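Protein chains in written order, with our numbering: chain R, 13 to 22; chain E, 349 to 563.
A virtual CB, placed ideally from N, CA and C, is assigned to each residue, including glycine.
Quantities reported herein were computed from a predicted structural model and do not represent experimental measurements.
Accompanying notes for the structure given below.
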Amino acid sequence: LEKILYHDEL
Amino acid sequence: MNIFRLAGDMTHLLSILVLLLKIYATKSCSGVSRKTQELYAIVFLARYLDLFTDFISVYNTFMKIVFIASSLAIVWCIRVHPMVKRSYDKDLDTFRHYLLVAASFLLALFLHEKFTFLEIFWAFSIYLEAVAILPQLVLLQRSGNVDNLTGQYVFFLGAYRGLYILNWIYRYLTEPRFTRWIACVSGVVQTALYADFFYYYFISWKNNSKLKLPA
Chain R
13 LEKILYHDEL
Chain E
349 MNIFRLAGDM THLLSILVLL LKIYATKSCS GVSRKTQELY AIVFLARYLD
399 LFTDFISVYN TFMKIVFIAS SLAIVWCIRV HPMVKRSYDK DLDTFRHYLL
449 VAASFLLALF LHEKFTFLEI FWAFSIYLEA VAILPQLVLL QRSGNVDNLT
499 GQYVFFLGAY RGLYILNWIY RYLTEPRFTR WIACVSGVVQ TALYADFFYY
549 YFISWKNNSK LKLPA
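Dropping the structure here:
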């Protein structure tokens, strides 16, 4: 989950 | 997603649309740095490798595809389209952009979140994006006169960066575990590069005169 949250911007 | 992030993404999209409009309407890329556009294409291709591994939202996936496709389309126009190609002045666009690519990649090898293929390319894309505007700014400064659409293109790109900083401040204040040094520090550096341009942009706007950059 952390990794996904980390790259949630464009 | 907060309002600053959304507004940032929209101005980013708008900047690309303005550039495409300029190239399409005038069939010319005068004042546009092909090198900056190629760097952006590399930035998007390197960053969105996670298109195949991570899904965040339909919005994110859609925007990633739009950014990759539009940046490739712009590079294609400048390199291949017969009329647009003719208007490209390579003598003005002399920035050694491969040095930026090499330096960004080297930095990514040392400064990254995790030593994995995707993370290194992600960090590389962040560093490269921070400096990718340099060939464009140098070209504008060398040519002095900036046509309206090119000026607006750079203005919207700078606005996008500024809004992303507001987005990070907002997230820092509202999300308990929001820390992302690589993106934020690079983002601030990137935005600072626009300071000079913005200064002259506002002067010309205030005086209602054509944008001119000092040599």
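8 Å Cβ cutoff met for residue i and residue j
i: residue 594 of chain E; j: residue 364 of chain E; result: Residue 594 of chain E lies beyond the range of chain E shown here (349 to 563); nothing can be said about it.
i: residue 500 of chain E; j: residue 414 of chain E; result: no
i: residue 435 of chain E; j: residue 388 of chain E; result: no
i: residue 422 of chain E; j: residue 476 of chain E; result: no
i: residue 482 of chain E; j: residue 443 of chain E; result: yes
i: residue 549 of chain E; j: residue 503 of chain E; result: yes
i: residue 538 of chain E; j: residue 478 of chain E; result: yes
i: residue 404 of chain E; j: residue 461 of chain E; result: no
i: residue 519 of chain E; j: residue 535 of chain E; result: no
i: residue 516 of chain E; j: residue 532 of chain E; result: yes
i: residue 491 of chain E; j: residue 391 of chain E; result: no
i: residue 371 of chain E; j: residue 432 of chain E; result: yes
i: residue 468 of chain E; j: residue 455 of chain E; result: no
Which of helix, strand or coil DSSP assigns to residue i
i: residue 496 of chain E; result: helix
i: residue 560 of chain E; result: strand
i: residue 359 of chain E; result: helix
i: residue 350 of chain E; result: coil
i: residue 404 of chain E; result: coil
i: residue 13 of chain R; result: The pLDDT assigned to residue 13 of chain R is 47, lower than 50, so where the model puts this residue is not dependable; a value taken from the coordinates is nonetheless given after this. If DSSP states are grouped into helix, strand and coil, residue 13 of chain R belongs with coil.
i: residue 412 of chain E; result: helix
i: residue 477 of chain E; result: helix
Presumed contact (8 Å Cβ cut-off) between residue i and residue j, rounded CB distance
i: residue 484 of chain E; j: residue 561 of chain E; result: About 12 Å separates the two Cβ atoms, so there is no contact after all.
i: residue 359 of chain E; j: residue 559 of chain E; result: That pair is no contact at about 18 Å.
i: residue 379 of chain E; j: residue 498 of chain E; result: 4 Å
i: residue 440 of chain E; j: residue 487 of chain E; result: 5 Å
i: residue 459 of chain E; j: residue 398 of chain E; result: Not really, about 19 Å apart at Cβ, beyond 8 Å.
- Query: What residues in the stretch 465-493 of chain E bring their beta carbon closer than 8 Å to a beta carbon of chain R?
  - Reply: 470
- Item | Whole alpha helix (DSSP H) elements within the stretch 422-472 of chain E, 4-residue minimum | 430-434 and 445-458
- Query: the stretch 385-404 of chain E: which residues have C-beta closer than 7 Å to a C-beta of chain R, in chain order?
  - Reply: 398, 402 and 404
- For the stretch 519-530 of chain E, which residues have a CB atom closer than 7 Å to at least one CB atom of chain R, in sequence order? 528
- Item | Interfacial residues, the stretch 408-441 of chain E to chain R, with Cβ spacing under 9 Å | 408, 411, 412 and 415
- Within the stretch 519-557 of chain E, note down every full alpha helix (DSSP H) run reaching 4 residues or more, in order along the chain. Counting only runs of 4+ residues, the alpha helix (DSSP H) found wholly inside the stretch 519-557 of chain E occupies 529-540 and 543-554, in chain order.
- Listed from N- to C-terminal order along the chain, which residues in the stretch 357-384 of chain E have their beta-carbon within a distance smaller than 9 Å of any beta-carbon of chain R? So the list reads 357 and 360, given in the order they occur along the chain.
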